[in-house]
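Engineer:
Numbering (my numbering), first residue to last: 1 to 323.
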């Protein structure tokens with residue numbers, strides 16, 4: 001009697017169960033609450049922590065001195081991979097996860113000496129069947145086509161989880177496939193809301209890696225990626241809750257400097273950075289941005305004239321309120 005062999009993970013079906021729908025809805029609801037508090041912008045320390053746990057997932061540990069440098073946004077000449085990841089994470093909001101260019105930029109940044117494409121049907125640490133290595137590029141192209149086809153009908157958060165699964169199932173590289181999986185995953189998450197770029201998810205991925213591995217095995221056995229997607233959505237929800245709590249605390253925390261800024265601004269009028277420096281008696285725009293504008297933006301007290309480009313040199317600021 002001939003028995004059918006189980007399908008490899010990369011050919012698993014995709015189903016959406018009640019748990020996935022509930023988790024996706026919960027995340028969307030919390031992102032809505034988060035947007036009401038104002039956009040949470042990631043800083044260097046946020047990116048540094050994400051890099052730390054990204055590398056930890058690959059068995060790489062950064063020293064305290066290296067972390068201090070990253071926290072300041074400094075490059076690490078002795079550890080170019082950490083520097084490359086830091087710069088990639090710093091521009092998450094500018095990347096298009098639906099375009100193959102994201103793959104090109106990732107490979108150029110992470111593998112400057114040559115992309116270690118898989119040349120075998122087996123790689124160390126992977127026990128499940130992989131697609132033939134000469135078909136990997138075509139399968140990645142198909143994944144981009146799937147993204148575009150479902151862009152308007154699938155939640156970016158759910159799609160991000162699916163991308164993570166598929167990259168691990170394809171394993172395009174001879175090692176460290178998790179770097180691409182998590183980067184593509186994080187970039188797609190950003191499409192669910194601007195504050196998602198500040199989501200600290202890598203720590204959860206590191207500490208729950210055994211749980212994720214078990215969910216991947218379950219998906220492989222069932223030939224359905226739903227168990228893995230559900231597990232990953234649970235981690236995303238937990239991280240979004242943490243971000244929402246952080247944003248709420250920032251908004252309610254007293255800030256004499258923000259109060260001083262608001263007292264100088266008329267409701268409804270837009271001010272340039274130079275005008276605000278003059279009103280506050282400041283000489284440094286950096287001090288204005290760090291101590292006044294950023295906290296006020298985080299609390300949703302002021303708005304930008306060009307919110308899609310926070311670093312616009314002609315940016316102007318308006319106090320919110322009832323005219």
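All C-beta atoms, glycine included, are put in the ideal place defined by N, C-alpha and C.
1) Sort out for me which residues DSSP pairs residue 265 with in a bridge.
2) Under a three-way DSSP split, which group does residue 302 fall into?
3) Whole angstroms are fine: how far does the CA of residue 98 sit from the CA of residue 331?
4) How far does the beta strand (DSSP E) with residue 319 in it extend, from its first residue to its last?
5) What span of residues does the beta strand (DSSP E) with residue 183 cover, start to end?
6) Can you name, in chain order, every residue of its own chain whose Cβ lies under 8 Å from the Cβ of residue 258, other than the five neighbours on each side?
7) Using the three-state DSSP reduction, which class does residue 14 fall into: helix, strand or coil?
8) By the DSSP assignment, the alpha helix (DSSP H) with residue 65 in it spans what residues?
9) Quick one: what's got a C-beta closer than 7 Å to residue 167's C-beta in the same chain, skipping five residues either side?
10) If you check the beta carbons only, do residue 273 and residue 223 fall under 8 Å apart?
11) Looking only at its chain, what residues have a beta carbon closer than 6 Å to the beta carbon of residue 11, apart from the 5 residues adjacent to it on each side?
12) Considering only residues of the same chain and omitting the five flanking positions on each side of residue 264, which have a CB-CB separation below 8 Å?
13) Report the option in 160, 100, 8 and 161 whose CA atom is closest to the CA atom of residue 137.
14) Quick one: residues in its chain with C-beta nearer than 8 Å to the C-beta of residue 2, no 5 flanking neighbours on either side, listed in chain order?
15) Which stretch, first to last residue, makes up the alpha helix (DSSP H) that contains residue 89?
16) Just checking my contact of residue 143 with residue 172 at CB under 8 Å: how many whole Å lie between their CB atoms?
17) Using the rule of at least 16 other Cβ atoms within 10 Å of the residue's Cβ for burial, across every protein chain shown, is residue 267 buried or exposed?
18) Quick one: Cα of residue 33 to Cα of residue 244, how far?
19) Classify residue 18 as buried or exposed, calling it buried when 16 or more other Cβ atoms lie within 10 Å of its own Cβ.
20) Would the segment 73-89 and the segment 152-165 be scored as touching if the rule is three or more Cβ pairs under 8 Å?
21) With DSSP as the reference, please indicate the residues paired to residue 270 in a beta bridge.
22) Would you kindly check if the distance between the Cβ of residue 82 and the Cβ of residue 51 is under 8 Å?
23) Just checking my contact of residue 119 with residue 195 at CB under 8 Å: how many whole Å lie between their CB atoms?
24) Who are the near neighbours of residue 218 in its chain, counting only those whose CB is closer than 7 Å to its CB and skipping five residues on each side?
25) Please specify which runs of the alpha helix (DSSP H), each continuous and at least 4 residues long, are wholly inside the segment 221-255, giving them in chain order.
Structural biologist: Taking the geometry as given:
1) Translated into positions along the chain shown, residue 265 becomes position 265. Paired residues: none, contrary to the question.
2) Walking along the chain shown from the start, residue 302 turns up at place 302. Residue 302: strand per DSSP, three-state reduction.
3) The structure shown has nothing for residue 331, since the chain only spans 1 to 323.
4) Against the chain shown, residue 319 aligns to sequence position 319. 316-319 is the span of the beta strand (DSSP E), which, as asked, contains residue 319.
5) Taking the chain shown and counting its residues from 1, one reaches residue 183 at position 183. Per DSSP, residue 183 belongs to no beta strand (DSSP E); it is in the alpha helix (DSSP H), 177-189.
6) The count along the chain shown starts at 1 and reaches residue 258 at position 258. Closer than 8 Å at the Cβ level, and outside the excluded window around residue 258, lie 292, 295, 296, 299 and 301.
7) Looking up residue 14 in the chain shown gives position 14. Three-state DSSP puts residue 14 in coil, outside helix and strand.
8) The count along the chain shown starts at 1 and reaches residue 65 at position 65. 64-71 is the span of the alpha helix (DSSP H), which, as asked, contains residue 65.
9) For the purposes of this step, residue 167 is taken as the residue at position 167 of the chain shown. Taken in chain order, the residues that qualify are 177, 180, 181 and 184.
10) Along the chain shown, read from residue 1 onward, the residue named residue 273 stands at position 273. Along the chain shown, read from residue 1 onward, the residue named residue 223 stands at position 223. Not closer than 8 Å, so no.
11) Along the chain shown, read from residue 1 onward, the residue named residue 11 stands at position 11. Closer than 6 Å at the Cβ level, and outside the excluded window around residue 11, lies no residue.
12) For this step, residue 264 is matched to residue 264 along the chain shown. Once the five neighbours on either side are set aside, the close Cβ partners of residue 264 are 276, 279 and 280.
13) Here residue 137 refers to the residue found at position 137 of the chain shown. Nearest C-alpha to residue 137: 100.
14) Within the chain shown, the letter at position 2 stands for residue 2. Confidence at residue 2 is low in this model, with a pLDDT of 38, below 50, so the placement of that residue is unreliable and no value is reported for it.
15) Counting from one through the chain shown, the residue named residue 89 turns up at place 89. Membership of residue 89 in the alpha helix (DSSP H) is indicated by the continuous run 80-90.
16) The sequence position of residue 143 within the chain shown is 143, counting from 1. The sequence position of residue 172 within the chain shown is 172, counting from 1. The pair is not a contact, with the Cβ atoms about 10 Å apart (cut-off 8 Å).
17) Here residue 267 refers to the residue found at position 267 when the chain shown is read from its first residue. The residue in question, residue 267, is exposed, as its Cβ has fewer than 16 Cβ neighbours within 10 Å.
18) As a first step, residue 33 is located in the chain shown; it is residue number 33 there, counting from the start. As a first step, residue 244 is located in the chain shown; it is residue number 244 there, counting from the start. Approximately 8 Å, taken between the alpha carbons.
19) Within the chain shown, the letter at position 18 stands for residue 18. By the neighbour-count rule (16 or more Cβ atoms within 10 Å), residue 18 is not buried but exposed.
20) no
21) Taking the first residue of the chain shown as 1, we reach residue 270 at position 270. Beta-bridge pairing links residue 270 to 318.
22) In the chain shown, the residue the question calls residue 51 occupies position 51. In the chain shown, the residue the question calls residue 82 occupies position 82. Contact flag set, yes.
23) Translated into positions along the chain shown, residue 119 becomes position 119. Translated into positions along the chain shown, residue 195 becomes position 195. No, residue 119 and residue 195 are not in contact; Cβ-Cβ is about 41 Å, not under 8 Å.
24) On the chain shown, position 218 is the one that residue 218 refers to. Closer than 7 Å at Cβ, skipping near neighbours: 227.
25) 226-252
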